[in-house]
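Chemist: Can you read through this structure? Questions will come right after.
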């Protein structure tokens, strides 16, 4: 048994679930988050989740989040907010900075990195104008702070993030004047795009944004058609009056902390790009360091929670807080639920990508 | 459908089909370049300014207007001078009564007597 | 053989052909005989709250949960519990009685409609098809904030109407 705690970095869905499993097993655990409220991106998801009952399907994301928070409070997990982790050394000493003031070292027996992902940017003339932002920024404003970023919105990118945020912007009272997608087909779930379509939102495939214009802030955007090589087609430009452009062009895993911890990385386009390698227990190439959630490949909140549970269960076992049978049963259960989420036309790609990650991890 | 359109008279979303009515929050007075702005207790400077219709938060050294981009503290597009200290991320800085927010040009400059640590 | 037009991945909403190919379109005769469930779910994604919400076992997804829902119309009593349960907001119930069609559909916007409201019914691409009248709004707590609106409109449009127009006129 260890005296040094398991340090979990990031109190989003993955980190919360890891900390809960560790605490339930009786392992000492400390959960750190740089924000002044836990929950990561989960509390912004006001739509009902997919999956099955065991994945809490049909429940709104923020209600799932409240459930996790309540459980972490009930278990008495040591949660330290406003705490940034700025480094970690080979001896697994975590450098934490609290409230941008007090700096201290935390000696960890294990490290679970659950720091999420960062939204990608797309640059085009005028992209820095006030009014151009990421889809997540708009989502944070309307769902957390209850403020509209603008009134007339153009969405760039038709993946689930873009179309879900488009719907949520309409729920908050904005008008979505269109969704553009550079590829020949739309990326998000058909049920999500259908909600926008029946609200009269036009979709433009093989289209991108050519430029954004305005005086001191965004006033209009020009979109343009693309040929098969993604080159702009002359004569297809169209100008839309908008005060907001939301970029929904993908996320990239936050790989800073795993890199500092010495974790080997790999490049997986289907999961957002560069990400830390991990095995079937979410262990990175550094045995005592686990990576979970979007840090370990961009998927969704449901998979983040299961990966967090998997790492928590395994880390607890590795420290002697769970016996072999309990660990294998718990791990098998979470893997089964993960597999269920990685099926179908959208999930299969992620399943295959994760399989390649496991294979590469084992071949090291 | 009858009724008067949707809560569009201000940028604040007073009511919402899923989130319900906005929770009661005390008014907090902050200042933008000396002008009073009514913010809500607990919100970050960014949303208070957006709610008040502010479209420009700062200008770069080359004069480009900027406001916000990522909204969660990772990109630094939203920085402003807060209580004398420039370069403060307004999306992760909560309002406080009497807070002085100022637009900066480029990196801005420290006001005399301003405190470190933000 | 005519290849049915496919619009789901280009215009955002499925065409009648895509719905038919997925077995998701009740025929006119079905709609005249009884209230019919319309589950406009044509992609295999892991999801089964429609199945678990049905008290009669009329909707079957089974395993794997990516299966498209299969409906047993004889078991369906059109209770409507599945309408707010679907995370994809993809289920409606329609009925034709002579000149009049009735649709019960999910609604997650403000303003909430009220019984008596004169509204505009729209098709899958949001185009106004015909006028309609709201006859009821169900906001039971178990719907978890997805209202179920009942509206009547001219039955000749029953196959194309899926919702009402949102937003200020």
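Residue numbers (my numbering), protein chains in the order written: chain D, 25 to 388; chain P, 239 to 356; chain G, 45 to 213. We put the beta carbon where it would ideally sit given N, CA and C, even for glycine.
Which residues in the same chain as residue 241(D) place their Cβ atom closer than 8 Å to its Cβ, once the five residues preceding and following it in sequence are excluded?
Modeler: Closer than 8 Å at the Cβ level, and outside the excluded window around residue 241(D), lie 153, 154, 155, 267.
Chemist: Using a Cβ-Cβ cut-off of 8 Å, state whether residue 161(G) counts as contacting chain D.
Modeler: No, no contact with chain D.
Chemist: Helix, strand or coil, according to DSSP, for residue 307(D) in the structure here?
Modeler: Residue state, collapsed to three classes: strand.
Chemist: In the segment 191-220 of chain D, which residues sit with their C-beta less than 8 Å from some C-beta in chain P, listed in chain order?
Modeler: Hits within the stretch, in order: 195, 196, 197.
Chemist: Given a threshold of 16 other Cβ atoms within 10 Å of its Cβ, counted over all protein chains shown, does residue 273(P) qualify as buried or as exposed?
Modeler: So residue 273(P) ends up on the exposed side.
Chemist: Just how far apart, CA to CA, sit residue 314(P) and residue 284(P)?
Modeler: Using only the alpha carbons, I get a separation of about 12 Å.
Chemist: Nearest-angstrom Cα distance between residue 281(D) and residue 127(G)?
Modeler: So the alpha carbons of these two residues sit roughly 44 Å apart.
Chemist: Which value, in whole angstroms, describes the spacing of the CA atoms of residue 214(D) and residue 368(D)?
Modeler: C-alpha separation (whole angstroms): 13 Å.
Chemist: Taking its Cβ as the centre, do 16 or more other Cβ atoms sit within 10 Å of residue 92(G), making it buried, or is it exposed?
Modeler: Its Cβ being crowded by 16 or more others within 10 Å, residue 92(G) is buried.
Chemist: From the DSSP output, which residues share a beta bridge with residue 75(D)?
Modeler: The partner list for residue 75(D) (beta bridge, DSSP) reads 91(G).
Chemist: Counting pairs of beta carbons, one from the segment 328-347 of chain D and one from the segment 31-40 of chain D, are three or more of them closer than 8 Å?
Modeler: At 8 Å Cβ cutoff, the stretches touch.
Chemist: Taking the alpha carbon of residue 316(P) as the point to measure from, which residue in 157(D), 128(D), 116(D) has its own alpha carbon closest?
Modeler: With distances taken between Cα atoms, residue 316(P) lies closest to 157(D).
Chemist: Beta carbons nearer than 7 Å to chain G: which residues of the segment 358-375 of chain D have them?
Modeler: Within the segment 358-375 of chain D, the qualifying residues are 364, 365, 367, 368, 369, 370, 371.
Chemist: Evaluate contact between the segment 303-319 of chain D and the segment 217-229 of chain D, counting only Cβ atoms and requiring at least three cross-stretch pairs below 8 Å.
Modeler: The answer is no - the segment 217-229 of chain D does not touch the segment 303-319 of chain D, with fewer than three Cβ pairs under 8 Å.
Chemist: Comparing C-alpha positions only, which one of 312(D), 323(D), 34(D) sits nearest to residue 297(D)?
Modeler: Comparing Cα-Cα distances from residue 297(D) to each of 312(D), 323(D), 34(D), the minimum goes to 323(D).
Chemist: How big is the Cα-Cα spacing for residue 246(P) and residue 105(G)?
Modeler: In this prediction, residue 246(P) has a pLDDT of 36, which is less than 50 and means its spatial position is unreliable; nothing more can be read from the coordinates.
Chemist: With H, G and I counted as helix, E and B as strand and the rest as coil, what does DSSP make of residue 182(G)?
Modeler: Strand at residue 182(G).
Chemist: Could you work out which residues of chain G lie near residue 229(D), taking near to mean beta carbons separated by less than 9 Å?
Modeler: Within 9 Å Cβ-Cβ: 53, 54, 55.
Chemist: Distance check for residue 64(G) and residue 357(D), CA to CA, integer angstroms please.
Modeler: One C-alpha to the other measures close to 37 Å.
Chemist: What residues match up with residue 249(D) in a beta bridge as DSSP calls it?
Modeler: For residue 249(D), which the question treats as bridged, DSSP gives the partners 231(D).
Chemist: Given a limit of 7 Å on CB to CB distance, which residues of the segment 131-159 of chain G reach chain P?
Modeler: Those would be 152, 153, 154, 155, 157, in chain order.
Chemist: Could you pull out every unbroken alpha helix (DSSP H) segment of at least 4 residues lying fully inside the segment 252-335 of chain P, listed in chain order?
Modeler: For the segment 252-335 of chain P, whole alpha helix (DSSP H) runs of length 4 or above, ordered along the chain, are 283-289.
Chemist: What are the partner residues of residue 129(D), as DSSP defines its beta bridges?
Modeler: DSSP output for residue 129(D) lists 119(D) as bridge partner(s).
Chemist: Helix, strand or coil: how does DSSP classify residue 341(D) here?
Modeler: Looking at residue 341(D) - three-state DSSP - the assignment turns out to be helix.
Chemist: Starting from residue 102(D), trace the beta strand (DSSP E) both ways and give me its first and last residue.
Modeler: Counting along the chain, the beta strand (DSSP E) containing residue 102(D) begins and ends at 102-104.
Chemist: Just checking, does the segment 224-237 of chain D make contact with the segment 196-209 of chain D on the three C-beta pairs under 8 Å criterion?
Modeler: A contact exists between the segment 224-237 of chain D and the segment 196-209 of chain D.
Chemist: Can you find the residues in the same chain that come closer than 7 Å, C-beta to C-beta, to residue 144(D), ignoring five residues on each side of it along the sequence?
Modeler: Answer for residue 144(D): 273, 274, 275, 276, listed in chain order.
Chemist: Are there 16 or more other CB atoms within 10 angstroms of the CB of residue 127(D), so buried, or fewer, so exposed?
Modeler: Looking at its Cβ environment, which holds fewer than 16 other Cβ atoms inside 10 Å, residue 127(D) is exposed.
Chemist: Identify the continuous alpha helix (DSSP H) that holds residue 377(D) and give its terminal residues.
Modeler: Its alpha helix (DSSP H) spans residues 368-386.
Chemist: Chain B partners of residue 84(D), CB-CB under 8 Å?
Modeler: Absent from the structure is chain B; the protein chains it does hold are D, P and G.
Chemist: I need the boundaries of the alpha helix (DSSP H) containing residue 197(G), first residue and last residue.
Modeler: Premise fails: residue 197(G) lies in the beta strand (DSSP E), 191-198, not in any alpha helix (DSSP H).
Chemist: Leaving out five residues before and five after residue 242(P) in sequence, what residues of the same chain have Cβ atoms less than 7 Å from its Cβ?
Modeler: Any answer about residue 242(P) is weak, because its pLDDT of 32 lies below 50 and its placement is not dependable; what the coordinates show is given next. Nothing listed; no residue qualifies.
Chemist: Tell me the DSSP bridge mates of residue 157(D)?
Modeler: Answer is 270(D).
Chemist: Just tell me which of 342(P), 336(P), 331(P), 271(P) has its CA closest to the CA of residue 265(P).
Modeler: If we check each option's Cα against that of residue 265(P), 336(P) comes out closest.
Chemist: Using the rule of at least 16 other Cβ atoms within 10 Å of the residue's Cβ for burial, across every protein chain shown, is residue 283(D) buried or exposed?
Modeler: Its Cβ having fewer than 16 others within 10 Å, residue 283(D) is exposed.
Chemist: State the Cα-Cα distance for the pair residue 379(D) and residue 315(D), rounded to the nearest angstrom.
Modeler: If I take the Cα positions, the gap works out to 16 Å.
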